[in-house]
Amino acid sequence: MFDRVRARLAPDTDTHREPAIGLFVDGPNVFRDEFDVDLDDLRDVASDLGRVGVIRLYLDEHATPGLIQAAEARGFEVIITSGDVDVKLAVDATALSTDRTIDTLAIASRDTDFKPVLEHAAAQGIETIAIAPGTHGRSDALQNAADEAITLDS
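Residue numbers (the UniProt record's numbering): 1 to 154.
As structure tokens, then:
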């Protein structure tokens, strides 16, 4: 048992490991009536990009218990904030990009407020991906700031 713990805590010397993906989902901007976004689709997008290291869904206090339960059942860490989720998501994504916990930062949102987060991550050498909840939910500013842009099918 202790060998497994030591192995997890030991520095990663394998330079050929699959990249660690950090997926940060802006719940109030992604799970809207006009978009037909599925939690499994978001998880699949992250898995297709590499090894999922962090997968978080940010929600406000108005989130339904059903959405929270569904997200947790699919392996999302659910973060509930009072009010706007943007600041918490931005701070968390920036912190994990800065300390190199993740190799790739993916933000699912249509909110231009996350452009500086993507720019900061890119400056740290982190690959960046903007995930739009649908064609009509795409932010040109986010897509242009990211290394790659993905649009979920509606």
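Backbone N, C-alpha and C define an ideal beta-carbon position, used for all residues, glycine too.
Under the three-pair Cβ rule at 8 Å, the stretch 52-59 does not count as touching the stretch 133-152. In the structure shown, the three-state DSSP call for residue 114 is helix. Taking each of 75, 64 and 112 in turn and checking the Cα distance to residue 44, the smallest one comes out for 75.
Across the structure, residue 151 and residue 138 are spaced so that their CA atoms are roughly 7 Å apart. Residue nearest to residue 89 within the set 47, 149 and 113 is 113 (criterion: CA-CA distance). Nearest to residue 61 by C-alpha distance, out of 48, 72 and 78, is 78. Taking a C-beta distance under 7 Å as the contact criterion, residue 143 and residue 122 do not qualify as a contact pair. For residue 101, the three-state secondary structure derived from DSSP is coil.
Sorting 116, 106 and 111 by C-alpha distance to the C-alpha of residue 148 places 106 at the top. Relative to residue 17, the option among 81, 116 and 103 whose CA is nearest is 103.
Each residue's CA atom was taken as its position, placing residue 35 and residue 22 some 22 Å apart. Within the DSSP secondary-structure output, residue 108 pairs in a beta bridge with 25 and 131.
When secondary structure is reduced to three states using DSSP, residue 87 falls in the helix class. Around the C-beta of residue 125, fewer than 16 other C-beta atoms lie within 10 Å, and the residue is accordingly described as exposed.
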